[in-house]
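Numbering (the numbering used here), first residue to last: -9 to 515. All C-beta atoms in this analysis are idealised placements derived from N, C-alpha and C, irrespective of residue type, glycine included.
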Ligand code: G4P
């Protein structure tokens, strides 16, 4: 059912290393979709390094990132849902989770810097999930790396075959434009930050005599050589390989100058997948199933810290989501109706009476949801594939006001439900360890515990190398947990986790218990 609605939707994320141009590209997409009239309307939800200890800034950023968490825009009769991902590396886990709710991604690379560290990590997640990727090489108006070298970097560092769809004629000050390989036409560069249309000039391939007049003899010759080489090596784009995430089509352009965006968007609309099936613990759920299912991939504290309600972001996986209809929250086996679910048009919110597969709905939540929770029309299902990675920084939570233990307990439980950090509780003495990917989370946690829950606390650093989830024969696990009792804690699902202090201790454990597998993500299958 709902095939027409499904075929109209694309749900995707734009990802990049900070500063490569994700925000600028998002803005240009909205401009093309007619959702905003001028550039500069989309606020970046970047948290800069200098703002790390500026709490007002964090508060402000939280507001901005609620507004820009999802942006829907119409384009050529289809609905595009862009899911925003935080650029700051301390929020990388949030990005990984958001990637579970998309069907494809556009990866932005800065042509000056090439493939950067965070691009690599994000791409690993895409590969793990087999998410189709289109690459946009940005900032061609700057002197960047050689495009052949960039293709090689993409292939080698990102471990995916690259397939050029357009090709730049020079770069930096001498940037002349791009040649669109599949349609054999030329897009001449003109620095322009707001104009929508590009000047695409039809040429009859690279050997068209007109070319010389447009880009100069030297450039025309170089382009002919490049394209001959590209045609010989790459041939036509194999759509199946793109959809299976084996090949990434690559576009070149300049987001700031609105250049190369149209081709990117048009190709994206044509080839990117519509809402895809999603895996649950028991079966795959097809988007065309008539019964509604969906899962929560992000939880956001509401703007007003005096009210502890939150916004849970639900990705609709199948069927039709309806306002005021009762749905089953499968983890706690309770029924919920939502009187004011909303969808997001550019940066404004609208009450949604209905939503379809691929759509994202914001649900008001008073503390009932955790990341990964599933809603259905009654069937017991649990969507899977939302990984919890081993944190990199661990600290122990110390209560500074014994009169407020209850508030602290509630606060830390709720804030870790939002996915802000991982909580591990030791059986012996119930010590609480909090693990994050960055320092910034501890500052946010402490601030929010104090301001929203009136609980005072401190985080003491602990030397923990990795948190490992374990699988293996029961007898071995039992024996190991007894042997390493001091280092065993439990995650929020009650799974035992080995908090290995050093790489050496972890290696000895692996050697001593060869039948136990130590996992650094909680996604065990
Ligand atoms: P991000 O979301 O990936 O972090 O990047 P963002 O779009 O904020 O872009 C980072 C910087 O790169 C911005 O400059 C932006 O204007 C610039 N930029 C984006 N696309 C291009 C491009 O095609 N060419 C050039 N030359 N620059 C580009 P900024 O100075 O950090 O911010 P702003 O003050 O301009 O907003």
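For the pair residue 307 and residue 388, the CB atoms are not nearer than the 8 Å cut-off. Inclusion of residue 12 in the 7 Å shell around the ligand G4P follows from its C-beta lying nearer than that to a non-hydrogen atom of the ligand. Taking all protein chains in view, the Cβ of residue 441 is surrounded by fewer than 16 other Cβ atoms within 10 Å, so the residue is classified as exposed. The beta carbons of residue 123 and residue 97 sit about 5 Å from each other, so the pair counts as a contact at 8 Å. With contacts defined by Cβ atoms closer than 8 Å, residue 247 and residue 131 form a contacting pair.
With contacts defined by Cβ atoms closer than 8 Å, residue 477 and residue 459 do not form a contacting pair. The beta carbon of residue 113 sits closer than 6 Å to those of 148, all from its chain and outside the five residues before and after it, given in chain order. For residue 367, no alpha helix (DSSP H) segment is defined, and its DSSP state is neither H nor E. Residue 223 counts as exposed, since fewer than 16 other C-beta atoms from the protein chains shown sit within 10 angstroms of its C-beta. Three or more beta-carbon pairs separated by less than 8 Å are not found between the stretch 384 to 404 and the stretch 313 to 322, which leaves the two stretches without contact.
Taking a 10 Å sphere around the C-beta of residue 413, we find 16 or more other C-beta atoms and assign the residue as buried. By the C-beta criterion, the stretch 277 to 292 is judged not to be in contact with the stretch 204 to 217, since fewer than 3 inter-stretch pairs fall below 8 Å. Of the heavy atoms belonging to the ligand G4P, none sits nearer than 7 Å to the Cβ of residue 265. Taking the C-beta atoms as reference points, residue 482 is found nearer than 8 Å to residue 406. Between the ligand G4P and residue 71, a heavy atom-to-CB distance of less than 7 Å is absent. Look at the beta carbons and you see the stretch 270 to 288 touching the stretch 361 to 370: at least three pairs across the two are nearer than 8 Å.
Cα atoms of residue 158 and residue 305: separation of roughly 37 Å, rounded to the nearest angstrom. Residue state for residue 438 is assigned as helix, using DSSP reduced to three classes. For residue 74, the CB stays at least 7 Å from every heavy atom of the ligand G4P. Collapsing the DSSP output to three states places residue 227 in coil. The Cβ atoms of residue 328 and residue 91 lie no closer than 8 Å to each other. Across the structure, residue 145 and residue 493 are spaced so that their CA atoms are roughly 31 Å apart.
At a Cβ-Cβ threshold of 8 Å, residue 479 and residue 416 count as neighbours. Annotation: residue 202 is outside any beta strand (DSSP E); the continuous alpha helix (DSSP H) that includes it extends over 200 to 205. Annotated as proximal: residue 361 and residue 87, with beta-carbon spacing under 8 Å. Only residues of its own chain outside the window of five on either side were considered, and among them 264, 265, 277, 347 have a CB closer than 6 Å to the CB of residue -4, listed in chain order.
Within the chosen limit of 7 Å, the ligand G4P reaches the beta carbon of residue 9 through at least one heavy atom. Short note on residue 132: C-beta closer than 7 Å to some heavy atom of the ligand G4P. Checking the DSSP bridge columns, you'll see residue 167 partnered with 159, 178. For residue 340, the closest C-alpha among the options 461, 60, 2, 13 is that of 60. Not a single heavy atom of the ligand G4P lies less than 7 Å from the C-beta of residue 59. Residue environment: residue 461 is assigned as exposed (fewer than 16 neighbouring CB atoms within 10 Å of its CB, all protein chains considered). Taking the Cβ atoms as the reference, residue 505 lies roughly 5 Å from residue 466, within the contact range of under 8 Å.
Here residue 411 is not near residue 355, since their CB atoms are 8 Å or more apart. Within the stretch 290 to 357, no run of alpha helix (DSSP H) at least 4 residues long lies entirely inside it.
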